[in-house]
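Start counting the sequence shown at 712; every next residue gets the next number (the working numbering).
Quick reminder that beta carbons are idealized off the backbone N, C-alpha and C, glycines included.
Remember, it's a predicted structure, so these values are computed and weren't measured experimentally.
Below is one structure, written out as structure tokens; the observations come after it.
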Amino acid sequence: SAYADDVAAELAALKAREPTIEAVQAEALKHFGVHPDRVAGMRAAAAWKAAVPTFELSGGATGATIDDTTVLDEYDATKPWVTRGATGSALEVRTTLAWDLPRFVYNSEELDVAALASVQKDVIGKVTQVYFARRRGQVALMSEKDPARRIAAELRVEELTALLSGMTGGWFSEALKPKKPAAPAVP
């Protein structure tokens, strides 16, 4: 029917001007800090962390001078009978390199990073649900004739748009804005 063809044409135009589900998923993963590239970097860093030693540098410096002179006047006032004296100084520097050898075998941080795969799956699942619920709402909006139902459908699409925008850090709303044509070059 002509009506079905019109709805299909509107849907095709909508798909052409709006971001794809893959782009929305990628932006959501970036927004939540679990984009595959970032997680791979975390995984590599956690794996190498055991190979890097901890480094400690400590030290101190002390110095002391003690002079003790005892003079017995009965022999000679200028030549003391007993002279005692002590001087000294010390400098100490220590460095330590230490490896946590059990971490080579079992690094709990690698497991923490691996757990992010579950977060990625959850983000992708939720974004996909919201994206296609919004798309279904747009199709319903195209075919709705009743004014009250049309307003409800519009609100639902706006709600889902806001959810996607929040899940992508505002990227989705920005991507929906019409692109400004490039200004002509001034000679």
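Proximity to residue i [Cα-Cα], best of the options
| i | options | result |
| --- | --- | --- |
| PRO764 | THR807, VAL830, ALA719, GLU865 | THR807 |
| ALA809 | GLU767, LYS890, LEU725, SER854 | GLU767 |
| LEU827 | ASP857, VAL841, PRO889, PHE743 | PHE743 |
| GLU880 | LEU740, GLY752, GLU729 | A small correction: the amino acid at residue 880 is Gly; Glu does not occupy that position in the sequence shown. Measuring from the Cα of GLY880, the nearest candidate turns out to be LEU740. |
| GLN736 | GLU869, ARG845, ARG860, LYS832 | LYS832 |
| GLU870 | GLY848, PRO889, VAL834, VAL804 | GLY848 |
| GLU738 | SER712, GLU885, PRO889, TYR714 | GLU885 |
| PRO889 | ALA723, ASP716, GLU729 | GLU729 |
| VAL868 | ASP857, VAL841, ASP823 | VAL841 |
| GLY752 | ALA713, GLU820, TYR714 | GLU820 |
| VAL834 | TYR714, ALA859, PRO747, ALA713 | PRO747 |
| TYR714 | LYS856, VAL804, ARG805 | LYS856 |
CB of residue i within 9 angstroms of CB of residue j, strictly
| i | j | result |
| --- | --- | --- |
| ILE732 | PHE843 | yes |
| LEU875 | VAL838 | yes |
| VAL850 | VAL718 | yes |
| ALA825 | ARG754 | yes |
| ARG846 | LEU725 | yes |
| MET853 | GLU721 | yes |
Chain B contact for residue i (CB, 9 angstroms cutoff)
| i | result |
| --- | --- |
| MET753 | This model lacks chain B altogether; it includes just one protein chain. |
Element boundaries [alpha helix (DSSP H), containing residue i]
| i | result |
| --- | --- |
| VAL735 | 732–742 |
| ASP811 | Element bounds for ASP811: n/a, residue is neither H nor E. |
| ALA723 | 713–728 |
**OP:** Just list the alpha helix (DSSP H) runs in the stretch 854–898, keeping only unbroken ones of 4 residues or longer that don't cross its boundaries, in chain order.
**Re:** As far as the stretch 854–898 is concerned, its whole alpha helix (DSSP H) runs of at least 4 residues are 858–878, 882–887.
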